[in-house]
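Enquirer: Below is a structure I'd like to ask you about.
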Amino acid sequence: MGKLNAPVDKLPRKNLTVFFLIDTSGSMAGGKISSLNVAIRDTLPMLEQISSENTDTEIKIAALQFASGCDWMYPRPLPVEDFEWNDLEATGLTSLGAAYQELQKKLSQTSGFMQEANASCAPVMILFSDGVPTDDAKHDLDHLKENNWYKAAIKIAVAIGDDTNKDVLKEFANNNGEAVLTVHNINDLKKMIYLVSVTASQVASKGVSIGLDAPESRQEEVMQDIKKAIKKDSSLTKVDVGADVEDNKGSDDWTNW
Amino acid sequence: MIGLTGNNSSVRTVFNKSVRGASHIASEKPCQDYSISYDECGITIAVVCDGHGGNTYFRSDIGAKIAAEITLDQLRGFAQSIPSEMFLNKDFSITAKPKRNPFIDSDGKRVRFEDLNETQQRYALQTKAYIKSEELCKEQQVCIEELLNNIYTEWCHQIRTHEKAHPFNKREKEVLHGLGIEKAYGCTLLAFLKTKDYWLSFHIGDGTILSCDKQLSWEKIVPEDCTCFLNYTTSLCDNNPLPEFRYAFNGKGSFPIAVMLCSDGVDGSLRTIENLQDFYEQIIGLFLDGDNIENELGSYFPTLSETGNKDDISIAGYIDLESMELGSLRRIIELKRKNREVQNEYRSRKSEISSISDKIDNLKIKYDRLKDLRFDKQTELEELKQGVERKEQELADINKSVSSIKDEIENLRMILNEKNKELEDWKFTIKNEMAETEAELKNTNNTDEATSSFDYIEC
């Protein structure tokens, strides 16, 4: 037994905040929003397990819904074990720009959700949408892009059905078309919510440093893992991986619930 | 390694240690950190290099070793060839050169500091600090930038030589996506040089360089670079890395008693600057006790990596207690340790209180939400109850009607029975009467009429 000792075990673990950004506009009503509610609720226990098994990182959850305005489910990110999912209802417009503005406000150490960088992992941001923004989302995203937390975040977008503007989602995901997944039915939506949330959280909780202009990013690492998982699962053949992939266009079926 | 037990006016030490991180042991990757320390002929040098962990940097362990060894050679040569007068009575530090004007937005419009977000404000402050420093000690800046250029040029040369001797295979070329070979060897660099007249330190990338004075007051001697954020770091393998170096020197005779350089495996695992300082003071304590620092670090670092961020861990440093009264130093260390214990306990209690407060706040939210839900349900229940009452009333009314009709039916049945009975009695009576009448009529010979009347009654 050596003489050195650091009170690491007494310290709070690093925070990994998983942001769920959820379109709750009217078009999400019915099977889409109800399956999303069930899927995220079902995913939380797995995230809780990842968090409890990691000595260095604690997963916290923040959920922002946007429709005619936007609202956080809770006023601050909660440890995943304390997070109770409240079912969302869908009605109104698609104010994605308002959601970007709100996210920008909270991605701050002094006046938002974030803690000092040494005590944090790069956050995970997962955007779910089935439509087209009804406000000036591009302008608000340009501002958000100046935020270091956003820049460092692992960002994945899930397009729910053919009516989604995938270019908007691609721009959210660092203009990385690979990080846009399109689902066409409720079962795939449920599976992808689980897969994306769990994989991104696993990768984000690893402490690997990379260069500023790295050709590969944590986001790409996540996408590689997701693509492998999709390939392995024969029931996920109707998921389109990539903003430009439209192999399953026209196969939307949101009734099987 | 030399330890101290009392007043000593001649002892100092340098040390370094690098160990493979828990995640690299698990994935069978090599240790991508490298560290060196040197102390001869009045020249003290400590260097740490941290090879990047992403897939692109598949030779970052070699890049880190090459960078550290070149830096040692270059610093030794620098200390020997550059006259000390260059730095005498001067004190200077400069951060990384800004790459853009933080006060001009993406649309080319001027923006005020107050309108910038937190990230932009940090960058703006860093830019201001750079501009302020840029005008000072220009001759020394040129001299140090030449040193950095030499290190970088030699690093590029040696990694190219290495690549020629060990060409990339097809898969490695694919991973590089056609980028320069520097990417494969990418690493950070932290260095410290001390001569009898001055000290010089420079840094590119993440990790931390801390120094402490006789009061064990710790500070970052090289300015920070806010572009090194979370797991993103500047690097020797960046497209133009020289402006990304930040550095400092001091030739005013103000020498720290200890300087520690560490990779992000150390500061990332210890998480707070207070813990890092505590850890460094433990190292100074080991030195005072005459322990072998490198052995102690070697046995402790695997545990630190395992419980921490699982990254490779490197440290290099020097401790110089020449001018220190050792008893006093022990007392200061002990006092600071106790103070930190109190601080940690305070933070722990505050954290517990804050956690409970957070839970109360969250429960309040749930409470309010449930209260609203309860109100809605109560309203719904009231409406349902009123509905039930209405239905019960309707049912009672119907029951009453049913009962009344049933009674009426019974009454009518009774009446019907009576009437039937009366009819039978009447028929019987009439029959008798008619029979009597008929008999009378027979007697009076009016047979046809009497028979007809009798038939009508029978029907």
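As you go down the protein sequences, you meet chains S and P in turn. Under our numbering, the first residue of the first sequence is numbered 1, with each subsequent residue one higher. Under our numbering, the first residue of the second sequence is numbered 1001, with each subsequent residue one higher. Just so you know, even glycine gets a beta-carbon here, dropped at the ideal spot from N, CA and C.
Are the C-beta atoms of P/T1208 and some chain S residue less than 7 angstroms apart?
Expert: Counted from its first residue, the second sequence places residue 1208 of chain P at position 208. Chain S, which has no Cβ nearer than 7 angstroms to the Cβ of P/T1208, makes this no.
Enquirer: Just the chain P side, please: which residues come within less than 7 angstroms of S/T55 by C-beta, in chain order?
Expert: Reading the first sequence from its first residue, position 55 is the one you call residue 55 of chain S. Those within 7 angstroms of S/T55 in chain P are T1307.
Enquirer: Within this structure, are the beta carbons of P/A1096 and P/E1325 separated by less than 7 angstroms?
Expert: To locate residue 1096 of chain P, count along the second sequence from 1; it is residue 96. To locate residue 1325 of chain P, count along the second sequence from 1; it is residue 325. No, Cβ-Cβ distance for P/A1096 and P/E1325 is not below 7 angstroms.
Enquirer: Roughly how far, in whole angstroms, is the beta-carbon of P/S1023 from the beta-carbon of P/D1311, given that I think they are within contact range, below 8 angstroms?
Expert: Translated into the one-based positions of the second sequence, residue 1023 of chain P becomes position 23. Translated into the one-based positions of the second sequence, residue 1311 of chain P becomes position 311. Going by Cβ atoms, the distance from P/S1023 to P/D1311 rounds to 7 angstroms, so yes, they are a contact pair.
Enquirer: Can you check the segment 1297-1385 of chain P for any beta strand (DSSP E) of at least 3 residues that lies completely inside it and give the ranges in chain order?
Expert: Correct list: 1313-1320.
Enquirer: Report the neighbours of P/E1118 on chain S: residues whose CB is nearer than 7 angstroms to its CB, in chain order.
Expert: Reading the second sequence from its first residue, position 118 is the one you call residue 1118 of chain P. S108, Q109 and T110, listed in chain order.
Enquirer: Going by DSSP, name the residue or residues bridged to S/N185.
Expert: Along the first sequence, read from residue 1 onward, the residue named residue 185 of chain S stands at position 185. DSSP lists S/D253 as partners of S/N185.
Enquirer: Does the count of Cβ pairs from the segment 1057-1075 of chain P and the segment 110-118 of chain S closer than 8 angstroms reach three?
Expert: As far as the Cβ criterion goes, the segment 1057-1075 of chain P does not touch the segment 110-118 of chain S, which means the pair count is below three.
Enquirer: Closer than 7 angstroms by C-beta to S/S35: which residues in its own chain qualify, once you throw out the five before and the five after it? Chain order, please.
Expert: As a first step, residue 35 of chain S is located in the first sequence; it is residue number 35 there, counting from the start. These residues qualify, in order along the chain: I186, L189, K190 and W257.
Enquirer: Quick one: using the 10 Å Cβ neighbour count with 16 as the cut-off for buried, is P/K1400 buried or exposed?
Expert: Taking the first residue of the second sequence as 1, we reach residue 1400 of chain P at position 400. That one is exposed.
Enquirer: Is P/M1260 helix, strand or coil when you go by DSSP?
Expert: Here residue 1260 of chain P is taken as the residue at index 260 of the second sequence, counted from 1. Of the three classes helix, strand and coil, the one that applies to P/M1260 here is strand, per DSSP.
Enquirer: Distance check for P/V1259 and P/T980, CA to CA, integer angstroms please.
Expert: Nothing about residue 980 of chain P can be read from this structure; chain P reaches only from 1001 to 1459.
Enquirer: Are the segment 1125-1143 of chain P and the segment 1279-1291 of chain P touching, with three or more C-beta to C-beta distances below 8 angstroms?
Expert: With a cut-off of 8 angstroms, the segment 1279-1291 of chain P and the segment 1125-1143 of chain P do not count as touching, because too few Cβ pairs lie within range.
Enquirer: Using a C-beta to C-beta distance shorter than 7 angstroms, which residues of chain S count as neighbours of P/F1229?
Expert: Within the second sequence, numbered from 1, the residue matching residue 1229 of chain P stands at position 229. Chain S residues near P/F1229: A117, N148 and A152.
Enquirer: Tell me, please, whether the CB atom of P/R1020 is closer than 7 angstroms to any CB atom in chain S?
Expert: Taking the second sequence and counting its residues from 1, the one referred to as residue 1020 of chain P is at position 20. For P/R1020, the answer is no, since every Cβ of chain S falls outside 7 angstroms of its Cβ.
Enquirer: Return the CA-CA distance between S/V196 and S/L236, expressed in angstroms with no decimal places.
Expert: Residue numbering aside, residue 196 of chain S sits at position 196 when the first sequence is read from its first letter. Residue numbering aside, residue 236 of chain S sits at position 236 when the first sequence is read from its first letter. In a straight line, the C-alpha of S/V196 is about 13 angstroms away from that of S/L236.
Enquirer: Where do the N-terminal and C-terminal ends of the alpha helix (DSSP H) with P/V1142 fall, by residue?
Expert: Here residue 1142 of chain P corresponds to residue number 142 of the second sequence, with the count starting at 1. Per DSSP, P/V1142 belongs to the alpha helix (DSSP H) from K1138 to A1165.
Enquirer: Hey, S/L103 and S/L64 are a contact pair by Cβ (cut 8 angstroms); roughly how many whole angstroms apart?
Expert: Position 103 of the first sequence holds residue 103 of chain S. Position 64 of the first sequence holds residue 64 of chain S. 7 angstroms between Cβ atoms; contact.
Enquirer: In whole angstroms, what separates the C-alpha of P/V1222 from that of P/L1210?
Expert: Stepping through the second sequence from its first residue, residue 1222 of chain P is reached at position 222. Stepping through the second sequence from its first residue, residue 1210 of chain P is reached at position 210. When rounded, the distance between both Cα atoms is 8 angstroms.
Enquirer: To which residues of the same chain is P/N1250 closer than 7 angstroms at the C-beta, ignoring the five residues directly before and after it?
Expert: The residue given as residue 1250 of chain P occupies position 250 in the second sequence. Excluding residues within five positions, the ones whose Cβ falls inside 7 angstroms are D1091, Y1198 and W1199.
Enquirer: Which of helix, strand or coil does DSSP assign to P/L1441?
Expert: Residue 1441 of chain P sits at position 441 when you count from the first residue of the second sequence. Helix at P/L1441.
Enquirer: Please report how far the alpha carbon of S/L169 lies from the alpha carbon of P/I1066, in whole angstroms.
Expert: By 1-based counting over the first sequence, the position of residue 169 of chain S is 169. By 1-based counting over the second sequence, the position of residue 1066 of chain P is 66. Their Cα atoms are separated by approximately 43 angstroms.
Enquirer: Which of the three DSSP states is assigned to S/A122 in this structure?
Expert: Looking up residue 122 of chain S in the first sequence gives position 122. Three-state result, S/A122: coil.
Enquirer: Look up S/Y100 in the DSSP assignment and say whether it is helix, strand or coil.
Expert: Counted from its first residue, the first sequence places residue 100 of chain S at position 100. Looking at S/Y100 - three-state DSSP - the assignment turns out to be helix.
Enquirer: Can you give the beta carbon distance from S/I40 to S/I193, rounded, assuming they're within the 8 angstroms contact cut?
Expert: The count along the first sequence starts at 1 and reaches residue 40 of chain S at position 40. The count along the first sequence starts at 1 and reaches residue 193 of chain S at position 193. The Cβ separation is near 6 angstroms, so the contact holds.
Enquirer: Once DSSP output is grouped into helix, strand and coil, what is the label at S/S235?
Expert: For the purposes of this step, residue 235 of chain S is taken as the residue at position 235 of the first sequence. Three-state result, S/S235: helix.
Enquirer: Quick test of your reading: P/F1301 and P/I1284, contact by CB under 8 angstroms. State the CB separation rounded to the nearest angstrom.
Expert: In the second sequence, the residue the question calls residue 1301 of chain P occupies position 301. In the second sequence, the residue the question calls residue 1284 of chain P occupies position 284. At roughly 17 angstroms, the Cβ-Cβ gap does not stay under 8 angstroms, so P/F1301 and P/I1284 are not in contact.
Enquirer: Going by other Cβ atoms of all chains shown within 10 Å of its Cβ, with 16 needed for buried, is S/M223 buried or exposed?
Expert: For this step, residue 223 of chain S is matched to residue 223 along the first sequence. S/M223 comes out buried.
Enquirer: Please report whether the beta-carbon of P/E1028 lies at a distance below 7 angstroms from any beta-carbon of chain S.
Expert: Within the second sequence, residue 1028 of chain P is the residue found at index 28, counting from 1. False, the Cβ-Cβ gap to chain S never drops below 7 angstroms.
Enquirer: Just checking, does the segment 126-139 of chain S make contact with the segment 157-164 of chain S on the three C-beta pairs under 8 angstroms criterion?
Expert: The segment 126-139 of chain S vs the segment 157-164 of chain S: in contact.
Enquirer: Restricting to runs no shorter than 4 residues, where is the alpha helix (DSSP H) found entirely within the segment 1054-1133 of chain P?
Expert: Qualifying alpha helix (DSSP H) stretches, in chain order: 1060-1081.
Enquirer: Considering Cα atoms alone, identify which of P/I1273, P/G1205, P/Y1232 and P/I1319 is closest to P/H1288.
Expert: Start at 1 with the first residue of the second sequence, and residue 1288 of chain P comes out as number 288. Residue identity check: residue 1288 of chain P is Leu in the sequence provided, not His. Of the candidates P/I1273, P/G1205, P/Y1232 and P/I1319, the one whose C-alpha sits nearest the C-alpha of P/L1288 is P/I1319.
Enquirer: If you reduce the DSSP assignment to three classes, tell me which class S/D42 lands in.
Expert: On the first sequence, residue 42 of chain S is found 42 positions in, with the first residue counted as 1. In this structure, S/D42 counts as helix in the three-state DSSP scheme.
Enquirer: Once you ignore the five residues that flank S/L44 on each side, which residues in its own chain have a CB closer than 7 angstroms to its CB?
Expert: By 1-based counting over the first sequence, the position of residue 44 of chain S is 44. Answer for S/L44: V80, F83 and W85, listed in chain order.
Enquirer: So S/K14 contacts chain P; which residues on that side make the cut at Cβ distance below 9 angstroms?
Expert: Start at 1 with the first residue of the first sequence, and residue 14 of chain S comes out as number 14. Within 9 angstroms Cβ-Cβ: G1268, R1271 and N1309.
Enquirer: Ends of the beta strand (DSSP E) at P/S1023?
Expert: What you label residue 1023 of chain P is simply residue 23 of the second sequence in a count that begins at 1. Run containing P/S1023: none in the beta strand (DSSP E); it sits in the alpha helix (DSSP H), A1022 to A1026.
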